[in-house]
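Enquirer: There's a structure below that I have some questions on.
There are 2 protein chains.
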Amino acid sequence: MPKGSNKRSPVAIRARIRILHGDDIAIGPGKAELLEFVRKTGSIAEAAKRMGMSYMRAWTLIKTMNACFKEPLVEAVRGGRAHGGATLTETGRQALRLYQQMESDCLKSTTARWKELRSLLRG
Amino acid sequence: MPKGSNKRSPVAIRARIRILHGDDIAIGPGKAELLEFVRKTGSIAEAAKRMGMSYMRAWTLIKTMNACFKEPLVEAVRGGRAHGGATLTETGRQALRLYQQMESDCLKSTTARWKELRSLLRG
């Protein structure tokens, strides 16, 4: 494949916000993505699958989040589907929304300087 | 030590910006810190030492940065001290300043929502 056939610029900006709680990350990019998949799929097992992680790993991440916040972010849905349905609590929805807004606010705030910095980069 | 003697809140926010250039990071938290130490100390060897990394590692990071930008960010100072003095070029100073401002703009932009999110956290 000729090199020139890839017209995408090689340059991109990535902003990552992490909320630390002692030695734990209360919420960060991975945990927010997991919450988003639980919200969309209503299932921890399905959310784990979409993220390519084990159920146990997803459950551990959720346990950490639940312990960092005053109220749990994810709760089991009684009478739900096999493997246990799950849903975001009101606190979970709020935390996810605030986190996503912070990420987006952060990127927006860098626009002018990112344009300037970008002009110094090759490609 | 009684647990209550640590009065610091366990909660903190961390925002990290990375500028990607193909598969490389053109500048991110580690490379920016390295540039800052080169600026302060005028020496790659001393900057590497302060960051607890080998000279070779620091040099590799600098080579990557220099290759991602149109102009090098760090240049050797001729007639400098042993191990080679080094200094930031005009482009290096600009890139570091813009990166640091973007980090600080990002954090500022999250203030109101961070306060809201923080109120949901324990501790």
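Sequence lines, in order, name chains E and U.
According to our numbering, the first sequence is numbered sequentially starting from 1.
According to our numbering, the second sequence is numbered sequentially starting from 1001.
Ideal Cβ positions, reconstructed from N, Cα and C, are used throughout, including at glycine.
Here the structure is a predicted model, which means the values were calculated and not measured.
1. Can you tell me whether M1065 (chain U) is buried or exposed, with buried defined as 16 or more other CB within 10 angstroms of its CB?
2. Could you tell me which chain U residues have their CB closer than 9 Å to the CB of I13 (chain E), listed as they occur along the chain?
3. So what's L1088 (chain U) in DSSP terms, helix, strand or just coil?
4. When you compare only the Cα positions, how much space is there between G28 (chain E) and T1060 (chain U)?
5. From V1011 (chain U) to L20 (chain E), what does the alpha carbon distance come to, in whole angstroms?
6. Suppose the cutoff is 7 Å on Cβ atoms and the five residues either side in sequence are ignored; what does the same chain contact list for V1038 (chain U) look like?
7. Count the other CB atoms, across all protein chains shown, that sit within 10 Å of the CB of G1123 (chain U); report buried if there are 16 or more and exposed otherwise.
8. Using a 10 Å radius around the Cβ and a threshold of 16 neighbouring Cβ atoms, would you call T111 (chain E) buried or exposed?
9. Run the CB neighbour count on M127 (chain E), radius 10 Å, all protein chains shown included, and call it buried at 16 or more, exposed below.
10. So which residues on chain U does W114 (chain E) lean against when the C-beta distance must stay under 7 Å?
11. Taking all protein chains shown into account, do 16 or more other C-beta atoms lie within 10 angstroms of the C-beta of K31 (chain E), making it buried, or fewer, making it exposed?
Expert: According to the structure shown:
1. buried
2. I1017, R1018, I1019, L1020 and M1102
3. strand
4. 29 Å
5. 6 Å
6. I1044, A1047, V1074, A1086 and L1088
7. exposed
8. exposed
9. The requested residue 127 (chain E) does not occur in the structure, where chain E is confined to residues 1 to 123.
10. M1102
11. buried
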